[in-house]
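S.K.: Note that the numbering used here has the sequence shown beginning at 105, numbered continuously upward.
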Amino acid sequence: MNTYDQIIKSLSAKQYAPLYLLCGDEPYYIDQVSDWIENNILDEAAKAFDLTVVYGRDLQGADIAPAIGAARGFAMMGGMKVVIVKEAQTIKKWDALALYLDNPQTSTLLVICYKYGTPDKRSAWWKKADKQGMVMVSEKLRDYKVEEWVRSYLAQRVKQSGETITIDPHVPKLLADYIGADLSAIVSAVNKLLLGRQPGQNIIDPALVERNIGISKDYNVFELQDALIKGDVVKANRITQYFASSKDHPMIKELGIVYNFFANLMIYHYLPDKTDRVAAAALGVNPFFIKDYAAAAKRYPAAKTFKIIGYFRETDARNKGINNPSAKEEDLWKELIYKIMH
């Protein structure tokens, strides 16, 4: 198996394989490799003759044979030929590919984009593909890794811009928790933030996120956490009332985020070394946020934190209808906030 970075590095060095099988649950990297090949292997003149892009849904009989026929041809411009098969997960017949891989056309780059899963690894064509070509399995990013991915991608895009731009530490966390592990959506959001800045604006902050993405800088889960840390019951109830009235803030999602904060707080209580760097590594968070855990630890001792974790579990069960014949989300939030702060 090959990683995205390995494939791009080899392509950049013009070390080409006859086949690129790009598959997996995360479509972002599949599109990135496919787009790189489509945009960089051939010049504009050659693309008119030697670039073929087909879609699995358009192949008659769901058979890859027509794409293989194109791959067998010689480049009309005397260089490389590129054949890209998109939405290959809809293809049912792969025999032609298995035969092709016995003697692939060395001047053709055949790219197969198989999204939202992986082919049967027991099949003859998969085994030949793994041996003859470069195979990448693009796995969905784990939820706990999304914030770091957002932070890294934001920093990368800012560096590419050549501008001096400060990134508010709250922004990666906001995007990660509200968009989730959809990397393409995150990339789109980051582009909106960079393009949506006012002239001379050199900071990406929650206000910019609200203006361009629609995530409120005042009514979000991190402001709720801040209210709980400070013991501001009025602010906490105002935010949870907003959550209950908005379809964009389902209780199960917001509960999970705040629950994770208190679960981390329990770990923080028992850390022998609570310095920012060590605590951040233990909790898997940006060191910037350790001050929040330090403040919360003063308000909520370990025993109280343990009880709060129980309150979250109870509320989650009631939100799902367990031992709850009639209480609405707003009532469940009010009860939970009361229990946490008393």
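Beta carbons are placed, not taken as given, at the ideal position from N, Cα and C, and that holds for glycine.
(1) Is the beta carbon of I333 sitting closer than 8 Å to the one on A400?
(2) What is the DSSP secondary structure of Y124, counted as helix, strand or coil?
(3) Report the CB separation of G284 from V250 in whole angstroms; it is logged as a contact under 8 Å.
(4) Per DSSP, M240 is paired with what?
(5) In the DSSP assignment, the beta strand (DSSP E) including V189 goes from what residue to what residue?
(6) Here's a check: name, in chain order, each residue in its chain whose Cβ is nearer than 6 Å to the Cβ of K321, leaving out the five neighbours to either side.
(7) For the alpha helix (DSSP H) containing V382, list its first residue and its last residue.
(8) Taking only the alpha-carbon atoms, compute the straight-line gap between N143 and L440 and give it to the nearest angstrom.
(9) On the DSSP bridge list, what partners appear for L279?
(10) Based on Cα-Cα distance, which residue from S116, N106, L146 lies nearest to C127?
(11) The alpha helix (DSSP H) spanning I134 covers which residue range?
(12) Give every residue of the same chain whose Cβ lies closer than 6 Å to the Cβ of P273, excluding the five residues on either side of it in the sequence, and list them in chain order.
(13) What does the Cβ neighbour count give for Y133, buried or exposed, with the cut at 16 atoms within 10 Å?
(14) Would you kindly check if the distance between the Cβ of Y218 and the Cβ of A202 is under 8 Å?
(15) Could you compute how far the alpha carbon of N295 sits from the alpha carbon of I413?
(16) Could you give the first and the last residue of the continuous alpha helix (DSSP H) run that contains K443?
(17) Between S265 and L299, how many whole angstroms is the CB-CB distance? I'm expecting something under 8 Å.
(18) Looking at C-alpha atoms only, which residue of P405, S242, Y346 is the closest neighbour of I444?
(19) Whole angstroms is fine: what's the gap from A398's alpha carbon to K408's?
(20) May I have a chain-ordered list of the alpha helix (DSSP H) segments no shorter than 4 residues that lie completely inside the stretch 149-222?
(21) Go ahead and label D154 buried or exposed: buried means 16 or more other beta carbons lie within 10 angstroms of its beta carbon, across all protein chains shown.
(22) Assuming F416 contacts F347 (C-beta within less than 8 Å), just tell me the rounded distance between them.
(23) State the beta-bridge partners of I308 as determined by DSSP.
(24) Could you give the DSSP three-state label for Y372: helix, strand or coil?
(25) Please report the residue range of the alpha helix (DSSP H) in which R342 lies.
(26) So, using beta-carbon positions, are Y124 and V137 closer together than 8 Å?
(27) Using the C-alpha atoms, what's the distance from Y108 back to K196?
(28) Whole angstroms is fine: what's the gap from K277's alpha carbon to R381's?
(29) Is the distance from the Cβ of I343 to the Cβ of Y323 below 8 Å?
(30) Can you list, in chain order, the residues of its chain with a C-beta nearer than 8 Å to that of R176? Leave out the 5 residues immediately preceding and following it.
(31) So the alpha helix (DSSP H) T71 belongs to, where does it begin and stop?
(32) Hey, would you say I394 sits closer than 8 Å to A384, going by beta carbons?
(33) Does the separation of the CB atoms of V215 and V187 fall below 8 Å?
(34) Could you have a look at Q264 and say whether DSSP puts it in helix, strand or coil?
(35) Taking the alpha carbon of F410 as the reference point, which residue from G183, A166, E130, H373 has its own alpha carbon closest?
M.R.: For this structure:
(1) Within the sequence shown, residue 333 is the residue found at index 229, counting from 1. Within the sequence shown, residue 400 is the residue found at index 296, counting from 1. Taking a C-beta distance under 8 Å as the contact criterion, I333 and A400 qualify as a contact pair.
(2) Residue mapping note: residue 124 aligns to position 20 of the sequence shown, counting from 1. Strand, per DSSP.
(3) As a working mapping, residue 284 is identified with position 180 in the sequence shown. As a working mapping, residue 250 is identified with position 146 in the sequence shown. Right, the Cβ-Cβ distance comes to about 7 Å (below 8 Å), so this counts as a contact.
(4) Residue mapping note: residue 240 aligns to position 136 of the sequence shown, counting from 1. DSSP lists L126 as partners of M240.
(5) In the sequence shown, counting from the first residue as 1, residue 189 sits at position 85. Counting along the chain, the beta strand (DSSP E) containing V189 begins and ends at 185-190.
(6) Locating residue 321 in the sequence shown gives position 217, counting from the first residue. Once the five neighbours on either side are set aside, the close Cβ partners of K321 are P310, A311, E314.
(7) Along the sequence shown, one-based indexing puts residue 382 at 278. Here the alpha helix (DSSP H) through V382 covers 380-387.
(8) Translated into the one-based positions of the sequence shown, residue 143 becomes position 39. Translated into the one-based positions of the sequence shown, residue 440 becomes position 336. Going from the Cα of N143 to the Cα of L440 covers about 53 Å.
(9) The residue you call residue 279 lines up with position 175 of the sequence shown. In DSSP, L279 forms no bridge with anything.
(10) Walking along the sequence shown from the start, residue 127 turns up at place 23. By alpha-carbon distance to C127, the top candidate from S116, N106, L146 is N106.
(11) In the sequence shown, residue 134 corresponds to position 30, counting from 1. Under the DSSP assignment, I134 falls in the alpha helix (DSSP H) whose first and last residues are 131-144.
(12) As a first step, residue 273 is located in the sequence shown; it is residue number 169 there, counting from the start. Excluding positions up to five away in sequence, the list reads N390, F392.
(13) Looking up residue 133 in the sequence shown gives position 29. Counting Cβ neighbours within 10 Å, Y133 comes out buried, since at least 16 surround it.
(14) Position 98 of the sequence shown, counted from the first residue, corresponds to residue 202. Position 114 of the sequence shown, counted from the first residue, corresponds to residue 218. If you check the CB distance, A202 and Y218 do not come in under 8 Å.
(15) Residue numbering aside, residue 295 sits at position 191 when the sequence shown is read from its first letter. Residue numbering aside, residue 413 sits at position 309 when the sequence shown is read from its first letter. If you take the alpha carbons of N295 and I413, they lie about 37 Å apart.
(16) One-based indexing of the sequence shown puts residue 443 at position 339. Where K443 is concerned, the enclosing alpha helix (DSSP H) stretches over 433-445.
(17) Locating residue 265 in the sequence shown gives position 161, where the first residue counts as 1. Locating residue 299 in the sequence shown gives position 195, where the first residue counts as 1. Going by Cβ atoms, the distance from S265 to L299 rounds to 10 Å, so no, they are not a contact pair.
(18) As a working mapping, residue 444 is identified with position 340 in the sequence shown. Measuring from the Cα of I444, the nearest candidate turns out to be P405.
(19) The residue given as residue 398 occupies position 294 in the sequence shown. The residue given as residue 408 occupies position 304 in the sequence shown. For A398 and K408, the distance between alpha carbons rounds to 15 Å.
(20) Whole alpha helix (DSSP H) segments, 4+ residues: 169-176, 199-204.
(21) By 1-based counting over the sequence shown, the position of residue 154 is 50. Buried.
(22) Residue mapping note: residue 416 aligns to position 312 of the sequence shown, counting from 1. Residue mapping note: residue 347 aligns to position 243 of the sequence shown, counting from 1. Actually they do not touch by this definition, with Cβ atoms about 15 Å apart.
(23) As a first step, residue 308 is located in the sequence shown; it is residue number 204 there, counting from the start. DSSP output for I308 lists I271 as bridge partner(s).
(24) Taking the first residue of the sequence shown as 1, we reach residue 372 at position 268. Secondary structure of Y372 (DSSP, three-state): helix.
(25) To locate residue 342, count along the sequence shown from 1; it is residue 238. For R342, the enclosing alpha helix (DSSP H) begins and ends at 337-348.
(26) Residue mapping note: residue 124 aligns to position 20 of the sequence shown, counting from 1. Residue mapping note: residue 137 aligns to position 33 of the sequence shown, counting from 1. Closer than 8 Å, so yes.
(27) Reading the sequence shown from its first residue, position 92 is the one you call residue 196. Reading the sequence shown from its first residue, position 4 is the one you call residue 108. The alpha-carbon atoms of K196 and Y108 are separated by roughly 26 Å.
(28) Start at 1 with the first residue of the sequence shown, and residue 277 comes out as number 173. Start at 1 with the first residue of the sequence shown, and residue 381 comes out as number 277. Near 18 Å, if we compare the C-alpha coordinates of R381 and K277.
(29) Translated into positions along the sequence shown, residue 343 becomes position 239. Translated into positions along the sequence shown, residue 323 becomes position 219. Yes, the pair counts as a contact, with Cβ atoms nearer than the cut-off.
(30) Along the sequence shown, one-based indexing puts residue 176 at 72. Taken in chain order, the residues that qualify are Y204, Q209, T212.
(31) Given that the chain is displayed from residue 105 to residue 446, the structure contains no residue 71 and the question cannot be resolved.
(32) Position 290 of the sequence shown, counted from the start, is the residue given in the question as residue 394. Position 280 of the sequence shown, counted from the start, is the residue given in the question as residue 384. Yes; because the gap between Cβ atoms is below 8 Å, this pair is in contact.
(33) Walking along the sequence shown from the start, residue 215 turns up at place 111. Walking along the sequence shown from the start, residue 187 turns up at place 83. For the pair V215 and V187, the CB atoms are nearer than the 8 Å cut-off.
(34) Stepping through the sequence shown from its first residue, residue 264 is reached at position 160. Q264: helix per DSSP, three-state reduction.
(35) By one-based count along the sequence shown, residue 410 stands at place 306. Minimum Cα-Cα distance from F410 among the listed residues G183, A166, E130, H373 corresponds to H373.
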